[in-house]
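Trainee: In my numbering, the protein residues as written are 40 to 498. Heads up, the beta-carbon is just placed ideally off N, CA and C, and yes, glycines get one too. These numbers were taken from a predicted model, which means no experiment stands behind them. First the structure, then my questions, so here it is.
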Ligand SMILES: [Ca+2]
């Protein structure tokens, strides 16, 4: 049944069109609760050079599957494409079609009448990467070039906090995540991750812990800074640092460590690249780690076989979820289980950028398969599992920032299963997501001029 509808929504000709005229075109369909009726709701022309589509279905008000696509449109075909798509839809090929082509996508996104939230732009930043809320309701925000700022909810920024370690800024590298120690209100400890330069043009992620002290001028400084973890070895390149941070309910520090675009380290137990790491709050290795009885760096490792995990969050039941960037296809949402191997680079639901095939997860059941995989990719970055009441329907949902998909993606976790439930087009690359003290959802856009947005329910 589902397959039939799927093929109706995406006709065979579509591939030909996508291949010959654009790398991606996208339309969205939304199903009606308790029926399996996808209808075309939107065609997003996100910019002159970018398009994306999403097809969602819901069955019996519960299970929902999603097919998506995105890519770069070749401008000279745009006019033809618009005419074609509009004509195609108006011809009644899609059920219940209602088409809104637009070239002003950011405004179109804001104007989506049925979006369940409205948003306010609170401040702008230079390549923001991460944020976290302080107990007093202000935010700590990192910028990749190495600035850590205190920001009030009405957008007032402090000067740069002093004492931030020197970062290697460039490519995907720079100042990364910031989180608070679970006992921050008494110990003042914060954790920062960043790309660190080594000798001879080598680089690696590092994690530092320091005490945040506030200064009378409204700024802050880091004191007693100690580097508690490093990627080993440092390697060439400026990609796939990973370095997202999260504390578990038992106060263990988890660190995602990307494979630095070197592939094989993800399966090498003598390196900590391509792993998820578990440490105590001072950086020492817990004796309860799955490989604690091995020699050397393996002791740090909680899970292996990761590519570039840029999201890490615990759900209300204490399960750890992480998403990671796939190669060409195969972005993943994984349920992280002690000692498991997630298969990179041996298996992936995507393929190499050069087109070379990688065996799918289904071919190698000994590797833990993702709970959700996305092809085409969403480019996930930033992750929360919503636990507040301002959006009651969303309690327990995961929210993932989409970089290339320029969206905020809601995933439903149902026990140990998960699926994409909704995708909200934002019209900009979304780098980071947080839950505010009052339950509002806050997001940071990526890159220069990236805005801090506060999302509240659409009245
Ligand atoms: Ca954060």
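1. What would DSSP say about residue 238, mapped onto helix, strand or coil?
2. Under 7 Å Cβ to Cβ from residue 486, same chain only, skipping five residues before and after it: list those, please.
3. Of all residues in the structure, which have a C-beta closer than 6 Å to any heavy atom of ligand 1, taken in chain order?
4. Compare the C-alpha of residue 281 against each of 314, 261 and 347 and name the closest.
5. Run the CB neighbour count on residue 195, radius 10 Å, all protein chains shown included, and call it buried at 16 or more, exposed below.
6. Tell me, which residues are paired with residue 375 by DSSP?
7. State the Cα-Cα distance for the pair residue 223 and residue 397, rounded to the nearest angstrom.
8. Who are the Cβ neighbours of residue 265 in its own chain at under 6 Å, not counting the five residues just before and after it?
9. What residue range is occupied by the uninterrupted beta strand (DSSP E) comprising residue 342?
10. How should residue 235 be labelled, buried or exposed, when 16 other C-beta atoms within 10 angstroms of its C-beta is the threshold for buried?
11. If I follow the unbroken beta strand (DSSP E) through residue 19, where does it start and stop?
12. Rounded to whole angstroms, what's the CA-CA distance from residue 453 to residue 460? Just pull it up for me.
13. Run through the segment 244-315 for me and flag every whole alpha helix (DSSP H) of 4 or more residues, listed as ranges in chain order.
14. Which residue wins for smallest C-alpha separation from residue 425, given the options 351, 304 and 433?
15. Hey, how far is the Cα of residue 325 from the Cα of residue 287?
16. Compute the distance between the beta-carbons of residue 302 and residue 384, then report whether it is under 8 Å.
17. For residue 223, which three-state DSSP category applies?
18. Name the DSSP beta bridge partners of residue 231, please?
19. Taking C-alpha atoms, which residue in 188, 375 and 161 lies nearest to residue 362?
20. Does the Cβ-Cβ distance between residue 380 and residue 343 come in under 8 Å?
21. Going by other Cβ atoms of all chains shown within 10 Å of its Cβ, with 16 needed for buried, is residue 352 buried or exposed?
22. Could you tell me the distance, in whole angstroms, from the CA atom of residue 329 to the CA atom of residue 277?
23. In chain order, what residues of the same chain lie with their CB nearer than 7 Å to the CB of residue 372, ignoring the 5 residues before and after it?
24. Give a yes or no on whether the C-beta atoms belonging to residue 219 and residue 206 are separated by under 8 Å.
25. What's the gap between the Cα of residue 55 and the Cα of residue 394?
26. What do you get for residue 197, buried or exposed, if any count of 16 or more other CB atoms within 10 angstroms of its CB means buried?
27. Around the Cβ of residue 419, are there at least 16 other Cβ atoms within 10 angstroms (buried) or fewer (exposed)?
28. Beta-carbon within less than 8 Å of residue 476's beta-carbon, same chain only, minus the 5 sequence neighbours each way: which residues are those?
29. Extract the residue ranges of the beta strand (DSSP E) inside the segment 150-210, only unbroken runs of 3 or more that lie entirely within it.
Mentor: In this structure, then:
1. The answer is helix: DSSP assigns residue 238 an H, G or I state.
2. 166 and 468
3. 169, 170, 171, 471 and 473
4. Minimum Cα distance to residue 281 is reached at 347.
5. It is exposed - the Cβ of residue 195 has fewer than 16 other Cβ atoms within 10 Å.
6. Residue 375 pairs with 359.
7. 44 Å
8. 248
9. 340-343
10. buried
11. The chain is shown only over 40 to 498; residue 19 falls outside these bounds and no answer can be derived.
12. 11 Å
13. none
14. When only C-alpha atoms are compared, the closest one is 433.
15. Near 13 Å, if we compare the C-alpha coordinates of residue 287 and residue 325.
16. yes
17. helix
18. 217 and 247
19. 375
20. yes
21. buried
22. 30 Å
23. 360, 362, 409, 410, 411, 450 and 457
24. no
25. Here residue 55 scores only 31 on pLDDT, less than 50, and its place in the model should not be relied on; the value that follows carries that caveat. About 18 Å.
26. buried
27. buried
28. 172 and 176
29. 156-165, 167-172, 178-182 and 186-190
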